[in-house]
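J.: Handing you this structure, nothing more for now.
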Amino acid sequence: AQSVAQPEDQVNVAEGNPLTVKCTYSVSGNPYLFWYVQYPNRGLQFLLKYITGDNLVKGSYGFEAEFNKSQTSFHLKKPSALVSDSALYFCAVRDHTGANNLFFGTGTRLTVIP
Amino acid sequence: NAGVTQTPKFRVLKTGQSMTLLCAQDMNHEYMYWYRQDPGMGLRLIHYSVGEGTTAKGEVPDGYNVSRLKKQNFLLGLESAAPSQTSVYFCASTPTSARGNEQFFGPGTRLTVL
């Protein structure tokens, strides 16, 4: 069975500082990993994904994520946080059935403090 | 392109009432999904469809039914609403079975069952 864990419900960071939102995964076979962001009263927006290749994946809005196979982690990062980055972030892993279902973590609320 | 749209945006039901949530996508995607989002639980898959005329159960299907009579539409029905079905419902779609494809989400429907 596949699953993801987001160990932090809440992350606070000062504007301009680097941010990290953590995600660990469990899956048999090669992982297909995704990050989504949800702004208040909105649907989920795709940020980035890891399929294969470079362990550092770059995505939208200056975000990147580092895939670490030995630690089964896929942490989301940004070098310099903006107040507008404040949102709910979800990590997800794709299953290996033909339905391509996503299994989501419980989400991490990021607050960037001015 | 409108992407993925959901109707209605908000709804309040009384226990025992029925309703249908409509999801429409104009991207010619094959796969469509219904999720529910509850605080602290992330998104959980209710039902999904891998093509017109097909549906399948997800993680939390009880109390819900779905239909995919047209490729662009995916309907979620509640036959007899219960307070436990108070949630935010999201529809999503993805083009094909390729595991690297991300899912595209609608804006959500906030449902309250009294």
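If you read the sequences in order, they're chains U and P.
To convert, note that position 6 of the first sequence is -2 in the working numbering; the numbers rise steadily by one, no gaps.
To convert, note that position 52 of the second sequence is 53 in the working numbering; the numbers rise steadily by one, no gaps.
Ideal Cβ positions, reconstructed from N, Cα and C, are used throughout, including at glycine.
Quick caveat, the model's predicted, so the values are computed rather than measured.
1) Who are the Cβ neighbours of Leu14 (chain P) in its own chain at under 8 Å, not counting the five residues just before and after it?
2) How should Phe11 (chain P) be labelled, buried or exposed, when 16 other C-beta atoms within 10 angstroms of its C-beta is the threshold for buried?
3) Taking Cβ-Cβ distances shorter than 7 Å, what residues in chain U pair up with Ala25 (chain P)?
4) Give a yes or no on whether the minimum CB-CB distance between Gly54 (chain P) and chain U is below 9 Å.
5) Please list, in chain order, the chain U residues whose beta carbon lies closer than 7 Å to that of Arg100 (chain P).
6) Pair every Cβ in the segment 97 to 108 of chain P with every Cβ in the segment 65 to 76 of chain P, then say whether three or more of these pairs are closer than 8 Å.
7) How many angstroms separate the CA atom of Leu48 (chain U) from the CA atom of Cys24 (chain P)?
8) Tell me which residues share the same chain as Thr98 (chain U) and place their Cβ nearer than 6 Å to its Cβ, disregarding the 5 neighbours each side in the sequence.
9) Count Cβ pairs between the segment 42 to 56 of chain U and the segment 39 to 51 of chain P that sit closer than 8 Å; are there 3 or more?
10) Name the chain P residues whose beta carbon is nearer than 8 Å to that of Lys41 (chain U)?
11) Compile a chain-ordered list of the residues in the segment 57 to 74 of chain U whose CB is closer than 9 Å to at least one CB of chain P.
12) Residues of chain U with CB under 8 Å from Leu1 (chain P), in chain order?
13) Short of 8 Å in beta carbon distance, which residues of its chain neighbour Gln30 (chain U), apart from the five on each side in sequence? Order them along the chain.
14) Using a Cβ cut-off of 9 Å (strictly closer), state whether Tyr65 (chain P) contacts chain U.
15) Could you check the C-alpha separation between Gln(-6) (chain U) and Val75 (chain U) for me, to the nearest Å?
16) Taking just the CA atoms, how far does Pro96 (chain P) sit from Glu103 (chain P)?
T.: Inspection of the coordinates gives the following:
1) Met20, Leu79, Ala82, Leu112, Thr113, Val114 and Leu115
2) exposed
3) What Ala25 (chain P) touches in chain U: nothing, since even the nearest Cβ is about 14 Å away.
4) no
5) Tyr24, Arg86 and Asn92
6) no
7) Cα to Cα, the separation comes out at about 35 Å.
8) Gln(-2)
9) no
10) Gly101 and Glu103
11) Residues passing the 9 Å Cβ filter: none.
12) An answer regarding residue 1 (chain P) cannot be provided, because it is not within the stretch 2 to 115 covered by chain P.
13) Closer than 8 Å at the Cβ level, and outside the excluded window around Gln30 (chain U), lie Leu36, Gln37, Ala79, Leu80, Tyr81, Phe82 and Gly99.
14) no
15) Looking at the backbone, the Cα of Gln(-6) (chain U) and that of Val75 (chain U) are separated by about 33 Å.
16) 9 Å
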